[in-house]
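Trainee: Can you read through this structure? Questions will come right after.
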Amino acid sequence: MMDGLPSCLISKEILWKMLDLETLCTVACVSKSLRFSVDTEVLPYLDSLDLSIVSIDEHALYHILSRFKSLNTLTLNCQRLYDSSLLPFLAPQIQQLNLFSCSLLSSSVLNSIGANCPFLRVLAVEFADQGSPLILFRKNVAYMLNKCQYLERLSLKIKGTEVDASAFQSIEFSLPRSIKFLKLKPMLENNAIYLANRLSVSKSPSSSGFVLQFLSLLLDVISDRLLVAISNSLPFLVELHLEDRPDKEPLPGLDLTNGGLHFLGSCHFLTDLSLKRSRQNYQGSFKRINDMGMFLLSQRCKALESVRLSGFSKVSDAGFASLLHTCQKLKKFEVRNAFLLSDLAFHDLIQAPCTLVEVRLLSCGLITSETVKKLAFSRSLEVLDLCGCKSVADSCLSSISCLQRLTTLNLTGADITDSGLSVIGQGNTPISYLCLRGCKRITDKGISFLLCGGGAIAQTLSSLDLGYMPGISDNGILTIATFGREITELCIRSCFYVTDLAMRALATKRRSQDRSKQLCRVDIFNCVGLSADALKLLRKPLFRGLRWIGIGKTHLTSNEDTVITEIQKERPWLTLCLDGCEMQYKLCNETWELDFAKWSLKEPDACGMVWWLTRRRNEKHGELSPTRGRPKSMESLVGRPGHVHLMERKMILVTSDLAMAPSLKGKFLVLAHSRDIVKADRAALSSTAIGL
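This note's numbering numbers the first residue of the sequence shown as 80 and each following residue consecutively.
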C-alpha cells in the first residue's frame, strides 16, 4: 500500500511523477500487483531511458527495451553490443541517441541510424578505432548526415592509440543547416579550418544558414590560423572547446600566440572557452603565449562565464588575475599545468566582481593554503579541485569547512593530516565527493574523525577516494562500513594493509544496516593484502547493488576461474576491471573480451604475440602454444579444449607472463574490435595496461 491506497489502484500518473526509473524497478519487486502496474501502466509511457552505467548484452537489451513503447531518448553503454543489437530499436520516434563505449560497433551503425531515425535531433557516438577503411567511415557519416536533416547536436569520437585524425575530412559538406552543437575528435588543423570556413554561410541569427553555437575539437595543433578562421566564420559561437596533442614542438608559424587570442574578441557571444595542450604525446605547452595574451583575452572577451586553460607555462599571476578581475560573470575557472601560477593571482580575489562556483587548480605546484583561504570568501563555491597542489595543508581546511554549498573537494597529493580531516568532519560542508588520493599523512584515525565528527559530511558523502594511502588499513575500512551510510563509490587502490577482514565488513555490515546505501563501485586494484578467498565475497547475497569492481594486481585474479564464472552467471551486470581495462569474465568455452583501444601499452618484453585469425566455422576450443611467428593454418591453433572460443576475425594475445592477471598464464585473450589490425609487433604488447 502507498498513501493509504492498495497497490493495485496506483495509477501510472502517480508513479510517473513520484518515482524515478531505479525506484520503479525496486517497487516492482515488492508485489505482483506493483510489478504489473509498472510493466503495463508506467514503462510503456516513459519517453527516456539511460543505461550508460551498466554494460548489457544483446539479449538483456531486447528484454528491457521491448517494454518501452514511447521512447524518444535513449542512452546506452555499447561495450557488449554489436551493430545488429541496435537495429530493432532504431525507429522514427527516436530524437535523441547517445551511444557510449562502442567497442564492437562499426561505422555501419551510422548508416542504420540515418535510414531509421530521420527526425533525430541529438546524436553522440563514441567509437573505438577498429582500423577500418577511412573511405567507408566517411561514407557512412555522410549518409547519416544527409538523412538526418533535423540534427541539432552531433558528437562523434574515435578513441584509440593510433587514430587517423583525417577521419572527419570533408564532413563540412554533409552537415545539416540545423546543426548548433558540434563535437569531433580527433581532427586535423587544416580540416578544422576548412570546416570553419564552410560554416561561415550565416551572417545573422535569423538567416537560413548555419548558426553554430558550440564547437569542440581535438586537434593535432591549435594555431593562430585556426582561431582566425573560427572568429571570422562563427561570430555567434557561445562555447568553444579546443584541445591539441602535438607529438613535437610546433613550428613558429603553426602555433598559438598572443595574436590568436586577440582574434577571439570577434566572438561577441562567447561565454565558455577551453584551450588545452595535452601532455600525452609530447611534454609541451603554449610557449608563445604570455601575460599579454591573457590581457588581450580578458579585455576582448569580458562576457566569459567559464574558462579552462591547460599548458600555459609562460603565463604568470598577472595574466591569470586579469581574467578573474575583468570577466565579471566568471563562474568556472580551471587552470592546469601552470608552473608560474601562485597565491599572488588570488591575493585580491575578495575585490573581484566575479562569483566563482567551480575552481580547479590542477598540478599548480606554487599554490598553497593561502589561495584556498582566499577562495573560501566565495560563498557560492560548489567545486574545489586542488589535485597535485602539494603545498596545500591543514591550515586552510577550517576555511573550507565553512563553505555551505561545496559538494566536490579534491585534495589529491595535499599535505593534510588527521587533524585536518577532523576539522572537515565537524564542519557543515555538504561534500558528496571527496578525493584524498596520495595523502600519505592520513591514517585510520583521520577517517574516524571525518565520519564520526558529527558534521554534515557523514550524511552527504557518497564517493570517497583513498587510493595510494599507506596509512589506511582494515580499521579505516571498518569505520567506512559502519558510519559511511551514504557512500556508494569507494576507491582504496594500492592500500597495502587492507585485508579480507575489510572486504568482509563492506560486504556484510552494510547489508545489515537498513539505512545504508549499497556500494555500486569499488576499486581494490593492487591491494596485495587481499587473498584469493576474498573473491568469494562477490557471490550473492553479499555486495548487493555492486556494478563495478577493480581487482587488477590482486590475488583475486589468481587461479579462481571457477569462482569468477559463477559470479558472472549470478551477476551479469557486474563489470570486473583490471586497472582501467574493463573485462567481461566469460570462461568455460566462452570469450574473454577486452577493449583493445583503451589500452596504452608499454614494457614490451613482458607478454607474448598478437595473432590474426580469420573465420573458420565449427572451430574447436583450445589453447595456443607461445611460439613465435604467425600460424600457417587454423589447425595449428587447436590444442586442449576448455578455455577460449576462437571467434571470427579477432586478435589473440598469447601470454607467457602476464603479471596483471596470473590466472591467464598459458591462456589467451580475445581482444575485441581489432578486426583490421594485423600487426604482430611484440613491442606493442605489455603486462601493464593503463586506460586512456
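Each residue gets a CB set at the ideal place from its N, CA and C atoms; glycine is no exception.
Could you give the DSSP three-state label for proline 509: helix, strand or coil?
Mentor: Coil at proline 509, not helix or strand.
Trainee: Where does asparagine 269 sit, in a helix, a strand or coil, going by DSSP?
Mentor: Three-state DSSP puts asparagine 269 in a helix.
Trainee: So the beta strand (DSSP E) glutamine 175 belongs to, where does it begin and stop?
Mentor: Residues 175–181.
Trainee: Using alpha carbons as the reference points, say which of Glu565, Leu598 and Gly608 lies closest to isoleucine 551.
Mentor: Nearest of Glu565, Leu598 and Gly608 to isoleucine 551, Cα basis: Gly608.
Trainee: Could you tell me the distance, in whole angstroms, from the CA atom of leucine 150 to the CA atom of alanine 455?
Mentor: Cα to Cα, the separation comes out at about 44 angstroms.
Trainee: For phenylalanine 198, which beta-bridge partners are listed by DSSP?
Mentor: DSSP, once it has assigned bridges, lists no residue as partnering phenylalanine 198.
Trainee: When the Cα atoms are used, what is the spatial distance from valine 394 to lysine 259?
Mentor: When rounded, the distance between both Cα atoms is 33 angstroms.
Trainee: Only counting the same chain, and skipping five residues up and downstream in sequence, which positions put a Cβ closer than 7 angstroms to that of valine 188?
Mentor: Taken in chain order, the residues that qualify are Asp162 and Leu165.
Trainee: With a CB to CB cut of under 8 angstroms and the five nearest residues on each side skipped, what residues in its chain are close to aspartate 126?
Mentor: Answer for aspartate 126: Ser149, Leu150, Asn151 and Thr152, listed in chain order.
Trainee: Name the one or two DSSP bridge partners that cysteine 104 has.
Mentor: DSSP, once it has assigned bridges, lists no residue as partnering cysteine 104.
Trainee: Would aspartate 464 pass as a contact of isoleucine 446 if the rule is Cβ separation under 9 angstroms?
Mentor: Not closer than 9 angstroms, so no.
Trainee: Report yes if the C-beta distance between leucine 160 and asparagine 177 is below 9 angstroms; otherwise report no.
Mentor: It is not a contact, given that the beta carbons lie outside the stated cut-off.
Trainee: Should glutamate 328 be labelled buried (16 or more other beta-carbon atoms within 10 Å of its own) or exposed?
Mentor: So glutamate 328 counts as exposed.
Trainee: Apart from the five residues just before and just after cysteine 181, which ones in its own chain have a Cβ nearer than 7 angstroms to its Cβ?
Mentor: Same-chain partners within the cutoff: Cys157, Val204, Glu205, Phe206 and Ala207.
Trainee: Give the single residue among Ser527, Tyr547, Gly534 and Gln505 whose Cα lies nearest to the Cα of arginine 516.
Mentor: That would be Tyr547, whose Cα lies nearest to the Cα of arginine 516.
Trainee: To the nearest angstrom, report how far apart serine 401 and leucine 376 are at their CA atoms.
Mentor: If you take the alpha carbons of serine 401 and leucine 376, they lie about 9 angstroms apart.
Trainee: Looking at serine 448 and threonine 486, is the spacing between their C-beta atoms short of 9 angstroms?
Mentor: No, the Cβ-Cβ distance between threonine 486 and serine 448 is not below 9 angstroms.
Trainee: Assign glutamine 175 to one of two classes, buried (16 or more other C-beta atoms within 10 Å of its C-beta) or exposed (fewer than that).
Mentor: The residue is buried, with at least 16 neighbouring Cβ atoms inside 10 Å.
Trainee: Three-state secondary structure (DSSP) at aspartate 523?
Mentor: It is helical.
Trainee: Among the residues of its own chain, which have a CB less than 6 angstroms from the CB of proline 310, if the five just before and after it don't count?
Mentor: Reading off the sequence shown, one finds serine at residue 310, where the question assumed proline. Only Phe342, Leu343, Ser345 and Cys346 meet the Cβ criterion.
Trainee: Measure the CB-CB distance between aspartate 473 and leucine 513 and report whether it falls below 9 angstroms.
Mentor: No, the Cβ-Cβ distance between aspartate 473 and leucine 513 is not below 9 angstroms.
Trainee: Note down, in chain order, each residue of its chain lying with its Cβ closer than 8 angstroms to the Cβ of histidine 634, except the 5 sequence neighbours on either side.
Mentor: If we look at histidine 634 and ignore the five residues flanking it on each side, its Cβ neighbours are Val607, Leu609, Ser610, Ala611 and Ala613.
Trainee: Alpha carbon to alpha carbon, how far is aspartate 396 from histidine 138?
Mentor: Each residue's Cα considered, the two are about 57 angstroms apart.
Trainee: Mind reading off the beta-carbon distance from leucine 296 to leucine 263? Whole number of angstroms is fine, and I expect it under 8 angstroms.
Mentor: At roughly 6 angstroms, the Cβ-Cβ gap stays under 8 angstroms, so leucine 296 and leucine 263 are in contact.
Trainee: Which ranges would you report for the alpha helix (DSSP H) in the stretch 144–169 if only whole runs of at least 4 residues count?
Mentor: With a minimum length of 4 residues, the continuous alpha helix (DSSP H) runs that stay inside the stretch 144–169 are 162–165.
Trainee: Where do the ends of the alpha helix (DSSP H) carrying phenylalanine 604 lie?
Mentor: It is not in any alpha helix (DSSP H) - phenylalanine 604 carries neither H nor E in the DSSP assignment.
Trainee: Starting from leucine 233, trace the beta strand (DSSP E) in both directions and tell me its first and last residue.
Mentor: 232–238 is the span of the beta strand (DSSP E), which, as asked, contains leucine 233.
Trainee: Out of Lys236, Leu224, Gly390 and Glu318, which one is the CA nearest neighbour of isoleucine 301?
Mentor: Looking at the Cα atoms, Gly390 is the closest of the given residues.
Trainee: Pick helix, strand or coil for asparagine 416, following the three-state DSSP scheme.
Mentor: In this structure, asparagine 416 counts as coil in the three-state DSSP scheme.
Trainee: Glutamate 568 and arginine 618 look like a contact to me (Cβ under 8 angstroms); what is the Cβ gap, rounded to whole Å?
Mentor: With 8 angstroms as the limit, glutamate 568 and arginine 618 do not qualify as a contact, their Cβ atoms being about 21 angstroms apart.
Trainee: Could you pull out every residue in the same chain whose Cβ sits closer than 8 angstroms to the Cβ of asparagine 775, ignoring the five residues on either side in sequence?
Mentor: Residue 775 is absent from the structure shown; the chain starts at 80 and stops at 771.
Trainee: I'd like to check one pair, threonine 350 with serine 392: are the Cβ atoms closer than 9 angstroms?
Mentor: Contact: no.
Trainee: Tell me whether asparagine 369 sits in a helix, a strand or coil according to DSSP, three-state version.
Mentor: The answer is coil: DSSP assigns asparagine 369 none of H, G, I, E or B.
Trainee: Taking the beta strand (DSSP E) that serine 542 falls in, what are its first and last residues?
Mentor: Counting along the chain, the beta strand (DSSP E) containing serine 542 begins and ends at 542–544.
Trainee: Looking only at C-alpha atoms, which of Pro509, Thr522 and Gly492 sits nearest to leucine 500?
Mentor: That would be Thr522, whose Cα lies nearest to the Cα of leucine 500.
Trainee: Compare the Cα-Cα distances from phenylalanine 252 to each of Val242, Gln228 and Asn605 and report the closest residue.
Mentor: The candidate whose alpha carbon is nearest that of phenylalanine 252 is Gln228.
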